[in-house]
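Engineer: In this note's numbering, the protein residues as written are -8 to 368.
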């Protein structure tokens, strides 16, 4: 695409395709998905491509806390009189980024009649790009109503548990896992163990890890224990993920081994990432290893690759923000460190008191820097 654009720089279709590659395949290219911005901006000049370009630009802007841009894109979409799922997502991302509950309310109400897949993807979009856990949870709750199928309700509670955990609310997350256990005990066991296996959510009591290991082994030993097959279309197979999570618990984060760690996602073809963000965790560990080796520039480069579109890595967003702050601090980059800390504070603004101070500091010998809970720009 780059070679094509060298010869035909006004080819807007080529700009859009280049942007798609940079957005959805960023980690493979060793770059952050936000680098797709300039190519999508070129595509805005094509009326047929503009809606797609705007929704991607809104995701990038929401992720970066750029509420000026999300508002501008939402206004442009309204002026274009577009009324489709992309327009809906742009408006929700704008409301989420600005924490505007009044603007979000009618959009959430409209979503209540949508199909489960659309509600699921919208909830994750609000969580991953805007980091607005409360709004993401409100959307996820639409899946848990009585008229929904068991699979949809289970997927909803799994998403809600994840959003609560990402927000630093493990007690509330445990309540959601209790609801999930009523629908699919196998998924509840694996998700709870996955929370304990995360590489960078702060100090984890050894007893909690042992309980998670025992739960996984007990689940595996039960004769005839089966996943809730109705959850496969959204969540994937819990039994396929069990061994990977068990391996993580038995071999926890190890600086020296981080560079050699490889994850093979079993159950190929199943969207199992919502249960445990394996690839993002591997990248985070690699960045922590670089930071421990006193290579903050390489660490920050890798940290930029942890959160990627379509990867369900919301549990890693706050740890990554803190890690980026630590790397920038080591480089003497006060501006970047301040922005990263502001983002970490905003993402954890609703944390339960016992979790408010949890960070990756203990795992990586990093400083915990104080900041105020303001939305970063």
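C-beta: ideal position from N, C-alpha, C; glycine also.
Since we're looking at a predicted model, the values are computed, not measured.
Using three-state DSSP, classify residue 76 as helix, strand or coil.
Structural biologist: Stepping through the chain shown from its first residue, residue 76 is reached at position 85. Three-state result, residue 76: helix.
Engineer: What residue range is occupied by the uninterrupted alpha helix (DSSP H) comprising residue 61?
Structural biologist: What you label residue 61 is simply residue 70 of the chain shown in a count that begins at 1. Where residue 61 is concerned, the enclosing alpha helix (DSSP H) stretches over 58 to 70.
Engineer: Using three-state DSSP, classify residue 389 as helix, strand or coil.
Structural biologist: Shown here, the chain extends from -8 to 368; a query on residue 389 therefore has no answer.
Engineer: Pull up the distance between the alpha-carbon of residue 95 and that of residue 102, whole angstroms please.
Structural biologist: Looking up residue 95 in the chain shown gives position 104. Looking up residue 102 in the chain shown gives position 111. Residue 95 and residue 102: Cα-Cα distance of roughly 11 Å.
Engineer: In chain order, what residues of the same chain have a beta carbon less than 6 Å from the beta carbon of residue 341, not counting five sequence neighbours either side?
Structural biologist: The residue given as residue 341 occupies position 350 in the chain shown. If we look at residue 341 and ignore the five residues flanking it on each side, its Cβ neighbours are 158.
Engineer: For a quick check, are the C-beta atoms of residue 120 and residue 54 less than 8 Å apart?
Structural biologist: Residue mapping note: residue 120 aligns to position 129 of the chain shown, counting from 1. Residue mapping note: residue 54 aligns to position 63 of the chain shown, counting from 1. Closer than 8 Å, so yes.
Engineer: Counting only runs that start and end within the segment 15 to 60, where is the alpha helix (DSSP H) found for 4 or more residues in a row?
Structural biologist: Entirely contained in the segment 15 to 60, the alpha helix (DSSP H) runs reaching 4 residues are, in chain order, 28 to 34, 41 to 54.
Engineer: With three or more C-beta pairs closer than 8 Å as the rule, is the segment 226 to 242 touching the segment 175 to 185?
Structural biologist: Touching, yes.
Engineer: Leaving out five residues before and five after residue 129 in sequence, what residues of the same chain have Cβ atoms less than 6 Å from its Cβ?
Structural biologist: By 1-based counting over the chain shown, the position of residue 129 is 138. So the list reads 99, once near-sequence residues are dropped.
Engineer: Do you know offhand how far residue 314's Cα is from residue 200's?
Structural biologist: Residue 314 sits at position 323 when you count from the first residue of the chain shown. Residue 200 sits at position 209 when you count from the first residue of the chain shown. Answer to the nearest angstrom: the Cα atoms are 23 Å apart.
Engineer: Considering only the alpha carbon of each residue, which of 308, -3, 44 lies closest to residue 7?
Structural biologist: For the purposes of this step, residue 7 is taken as the residue at position 16 of the chain shown. Ranking the options by Cα distance to residue 7, first place goes to 44.
Engineer: Leaving aside the five residues before and after residue 305 along the sequence, list all residues of the same chain whose C-beta is less than 6 Å from its C-beta, in chain order.
Structural biologist: Residue 305 sits at position 314 when you count from the first residue of the chain shown. Excluding residues within five positions, the ones whose Cβ falls inside 6 Å are 118, 119, 157.
Engineer: Taking the straight line between their C-alpha atoms, what separation do you get for residue 68 and residue 276?
Structural biologist: As a working note, residue 68 is residue 77 in the chain shown. As a working note, residue 276 is residue 285 in the chain shown. Roughly 39 Å separates the two Cα atoms.
Engineer: With distance defined between alpha-carbon atoms, name the residue in 36, 17, 82, 270 nearest to residue 1.
Structural biologist: Position 10 of the chain shown, counted from the start, is the residue given in the question as residue 1. Closest by alpha carbon: 36.
Engineer: Just the Cα atoms here: how many angstroms apart are residue 27 and residue 175?
Structural biologist: The residue given as residue 27 occupies position 36 in the chain shown. The residue given as residue 175 occupies position 184 in the chain shown. Cα to Cα, the separation comes out at about 39 Å.
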